[in-house]
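Q:
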Amino acid sequence: MKLKDKVAIVTGGGRDIGKSVSLQLAAEGARVVVNYRSDAEAAQATVAEIKAAGGTAVLVQADVTKADDVAKLIAESVAAFGHRVDVLVNVAGGMVARKTLAEMDEAFFDHVMELNLKSAFLVTKAVLPHLGEGSAIVNLSSLAGRDGGGPGASIYATAKGALMSFTRSLAKELGPQGIRVNALCPGLIGTSFHDIFSKPEGRKAVAGNTPLRREGHPDEVASAVVFLASNDSAFLTGVNLDINGGLAFS
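Pasting the structure below:
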């Protein structure tokens, strides 16, 4: 097992990519803190699946855009598994809605930035005293952060692009402490995100223009998270890794 007895916190860890990440980290021996904001049923099912497979996990409800909730998340993680945190995976995020610049207001801008960027800042800052030599942080950015995203996704893309810069800045800052910081930039992955925000014909067209001619699966993103969280990537930091079937260059 690549992560035996390591402690991992996964924000947004109860469904979609977060669920796959939680399951794969646990399968590699990590003790996983599965965080969720509102979908308790999905998160409880994820923890139950981990335990049924012989893994170890706890469930912590917290809105990671709020500092008080983040403090509670870290406190409950430490209470469950001890002071040390080995892996932080910032999955929580979302587009909220597709809106053009003319359609959006300041409150919408703030909400999208809080959900995708401020959340990672708050959780990473709060967990920092519990990280140490060999710890790893993995942020979930997006292909949108590289190419500006699709129609009505300008603020989402801006937030994800900023998260990529945040990743590289932290890699420089925390590297001397032996803490690695990397990000993944998924493209079209088959999740509820695209069920909500992408039209079926659009998804089909994008998949058809991808060199591998298909959508990705959340498990494929999770496998990359395990790689970045483990010693298999011990000399990788500051990397924003594309995982999009070649879509970024096609």
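Under numbering that gives the first Met the number 0, residues 0 to 249 are what the sequence shown spells out, in order. Cβ coordinates follow ideal geometry from the N, Cα and C atoms, glycine included.
1) Residue 5 to residue 120, Cα distance in whole Å?
2) Looking only at its own chain, which residues have a Cβ that is under 6 Å from the Cβ of residue 118, when we skip the five neighbours before and after it?
3) May I ask you to report which of helix, strand or coil DSSP gives residue 88?
4) Report the start-end ranges of each alpha helix (DSSP H) in the stretch 17-91 that is 4 residues or longer and not cut off at the edges.
5) Judging by CA-CA distance, which residue of 226, 127, 96, 184 is the nearest neighbour of residue 150?
6) Within 10 angstroms of its Cβ, does residue 234 collect 16 or more other Cβ (buried), or is it exposed?
7) Just list the residues that DSSP pairs residue 7 with in beta bridges.
8) Can at least three beta-carbon pairs, one atom from the stretch 95-111 and one from the stretch 128-135, be found at a separation below 8 Å?
9) Does the beta-carbon distance from residue 139 to residue 16 come in below 8 Å?
10) Is the CB-CB distance between residue 184 and residue 116 below 8 Å?
11) When DSSP labels each residue in this structure, what does residue 128 get in the three-state scheme?
12) The alpha helix (DSSP H) with residue 156 in it runs from where to where?
13) Have a look at residue 76 and residue 89 and give me their C-alpha separation to the nearest angstrom.
14) For residue 217, does the count of other Cβ atoms within 10 angstroms reach 16, so buried, or fall short, so exposed?
15) What are the boundary residues of the alpha helix (DSSP H) that includes residue 221?
16) So, does the stretch 154-166 touch the stretch 200-217, judging by three or more C-beta pairs under 8 Å?
17) To the nearest angstrom, report how far apart residue 229 and residue 36 are at their CA atoms.
18) Give the DSSP-derived three-state secondary structure of residue 180 in the structure shown.
A: Once the coordinates are examined:
1) Here residue 5 corresponds to residue number 6 of the sequence shown, with the count starting at 1. Here residue 120 corresponds to residue number 121 of the sequence shown, with the count starting at 1. Distance between the alpha carbons of residue 5 and residue 120 is about 22 Å.
2) The residue labelled residue 118 in the question sits at position 119 within the sequence shown. Result list for residue 118: 63, 64, 91, in chain order.
3) Numbered from its first residue, the sequence shown carries residue 88 at position 89. The three-state secondary structure of residue 88, taken from DSSP, is strand.
4) The stretch 17-91 contains, as complete alpha helix (DSSP H) runs of 4+ residues, the segments 39-51, 66-80 (chain order).
5) Position 151 of the sequence shown, counted from the start, is the residue given in the question as residue 150. Comparing alpha-carbon positions, the option among 226, 127, 96, 184 lying closest to residue 150 turns out to be 96.
6) Locating residue 234 in the sequence shown gives position 235, counting from the first residue. With fewer than 16 other CB atoms across the displayed protein chains lying within 10 angstroms of its CB, residue 234 is exposed.
7) In the sequence shown, counting from the first residue as 1, residue 7 sits at position 8. Partner residues in the beta bridge of residue 7, as assigned by DSSP, are 31, 86.
8) Here the stretch 95-111 makes no contact with the stretch 128-135; the two share fewer than three CB pairs at distances below 8 Å.
9) The residue given as residue 139 occupies position 140 in the sequence shown. The residue given as residue 16 occupies position 17 in the sequence shown. For residue 139 and residue 16, yes; Cβs fall inside 8 Å.
10) For the purposes of this step, residue 184 is identified with residue 185 of the sequence shown, where counting begins at 1. For the purposes of this step, residue 116 is identified with residue 117 of the sequence shown, where counting begins at 1. The answer is no: Cβ separation not under 8 Å.
11) Translated into positions along the sequence shown, residue 128 becomes position 129. Helix, per DSSP.
12) Start at 1 with the first residue of the sequence shown, and residue 156 comes out as number 157. It spans 153-173 - the alpha helix (DSSP H) in which residue 156 sits, taken as one unbroken run.
13) Translated into positions along the sequence shown, residue 76 becomes position 77. Translated into positions along the sequence shown, residue 89 becomes position 90. Cα-Cα distance, rounded: 15 Å.
14) Residue 217 sits at position 218 when you count from the first residue of the sequence shown. It counts as buried.
15) Mapped onto the sequence shown, residue 221 falls at position 222. Annotation: the continuous alpha helix (DSSP H) that includes residue 221 extends over 217-228.
16) The stretch 154-166 is not in contact with the stretch 200-217.
17) Indexing the sequence shown from 1 puts residue 229 at position 230. Indexing the sequence shown from 1 puts residue 36 at position 37. Distance from the CA atom of residue 229 to the CA atom of residue 36, rounded to whole angstroms, is 27 Å.
18) Here residue 180 refers to the residue found at position 181 of the sequence shown. It is a strand residue.
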